[in-house]
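**Student:** Please find one structure pasted underneath; my questions will follow.
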Amino acid sequence: MSLQPDDKPPDAPVAAPRGFLRAMIVAVLAVVFVAVSIGFVGFISQLRGAETRPAHTADGIVVLTGGSSRVSDAMELLADGYGKRLLISGVHPTNAASDISRSLPDNQSLLGCCVDLDRSAVNTRSNAAETRRWAHERGFKSLIVVTSNYHMPRAIVELSHAMPDIALIPFAVVGDKWRDEPWWTSGATVRLLLSEYVKYVAAEVRVRLADLGLDLMPDLAEQPAGSLPPHKPATALAN
């Protein structure tokens, strides 16, 4: 008579829980991918493909440096009477005033009378902080914002958060490459847009948390004025 073992053979490895976990991970990744894709499409849909002059004038104009033709376009708006003064924010500290003069030979009189330069800003958030200080010092209630089309959504997020009491009118600068070919045909442009989209989402999240009182990074605009470099006249600085 054969003996039957008292113990049953051990169950097969826990394949079901592992399979369920794997399916859950795949599902979560799929949801994240769809959400990111929809968000990216929404971001792209905000970008203007052609430059459109503002519908009306504003108290001032601010241009955020960093892209081709931003400053020259802002100077054209100033010359056409769209604002009383222009702030060029993000001027490189090593540049000289002659650099702007050489690049904008037709606007020498405006550079001397109606342009202020800020070289303390190093990113979009500090652009917003310095723009707020500049606008409040002059009692401005409306600003035309000049920057590249791909940078405009993040710029408006930061500027709106820094100065909710000031009306912002976007003027998006469209580069020649953007007009000449579809963005999805250029790997460099796709990488630029993906990078900017990530920064835009990060800015949105930080601003929303700050509105809930969860700002982990104190706003530069709230620092005492004495802790920032003194304002210098336009003739002393350049882009």
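If you count by the UniProt record's numbering, then the sequence shown holds residues 1 to 239, one letter each, in order. Think of the CB as a built atom: it goes at the ideal place given N, C-alpha and C, for glycine as much as any other residue.
(1) Go to Asp73, then tell me how far its alpha helix (DSSP H) extends in each direction, as first and last residue.
(2) Tell me the DSSP secondary structure of Ile144 in three-state form.
(3) Excluding sequence positions up to five away, which residues of its chain have a Cβ less than 6 Å from the Cβ of Phe40?
(4) Bridge partners of Ser89, per DSSP?
(5) State the DSSP-derived secondary structure class of Leu192, mapped to helix, strand or coil.
(6) Give me the Cβ distance between Ser148 and Arg70, rounded to the nearest whole Å; I'm assuming they're in contact under 8 Å.
(7) With DSSP collapsed to three states, give me the class of Leu212.
(8) Compare the Cα-Cα distances from Ala155 to each of Asn123, Leu209, Asp165 and report the closest residue.
(9) With burial defined as no fewer than 16 other Cβ atoms inside 10 Å of the residue's Cβ, what is the status of Leu194: buried or exposed?
(10) Nearest to Gly90 by CA position, among Cys113, Trp178, Val62, Glu76, is which residue?
(11) So what does Val201 bridge to, in DSSP terms?
(12) Under DSSP, the alpha helix (DSSP H) around Ile156 begins and ends at which residues?
**Tutor:** Based on what the coordinates show:
(1) To locate residue 73, count along the sequence shown from 1; it is residue 73. Asp73 -> alpha helix (DSSP H) spans 70–79.
(2) Your numbering for residue 144 matches position 144 in the sequence shown. Strand at Ile144.
(3) Residue 40 sits at position 40 when you count from the first residue of the sequence shown. Cβ neighbours of Phe40 beyond the five flanking positions: Tyr197.
(4) What you label residue 89 is simply residue 89 of the sequence shown in a count that begins at 1. According to DSSP, which records beta bridges pairwise, Ser89 is partnered with Leu64, Asp118.
(5) Reading the sequence shown from its first residue, position 192 is the one you call residue 192. Helix at Leu192.
(6) Looking up residue 148 in the sequence shown gives position 148. Looking up residue 70 in the sequence shown gives position 70. 7 Å between Cβ atoms; contact.
(7) Sequence index remark: in the sequence shown, residue 212 carries index 212 (1-based). Coil at Leu212, not helix or strand.
(8) Position 155 of the sequence shown holds residue 155. Residue Asn123 is the option with its Cα nearest to Ala155.
(9) In the sequence shown, the residue the question calls residue 194 occupies position 194. Classification for Leu194: exposed.
(10) As a position in the sequence shown, residue 90 is number 90, starting the count at 1. With distances taken between Cα atoms, Gly90 lies closest to Val62.
(11) Taking the first residue of the sequence shown as 1, we reach residue 201 at position 201. Val201 pairs with nothing; no bridge assigned.
(12) Within the sequence shown, residue 156 is the residue found at index 156, counting from 1. It spans 152–162 - the alpha helix (DSSP H) in which Ile156 sits, taken as one unbroken run.
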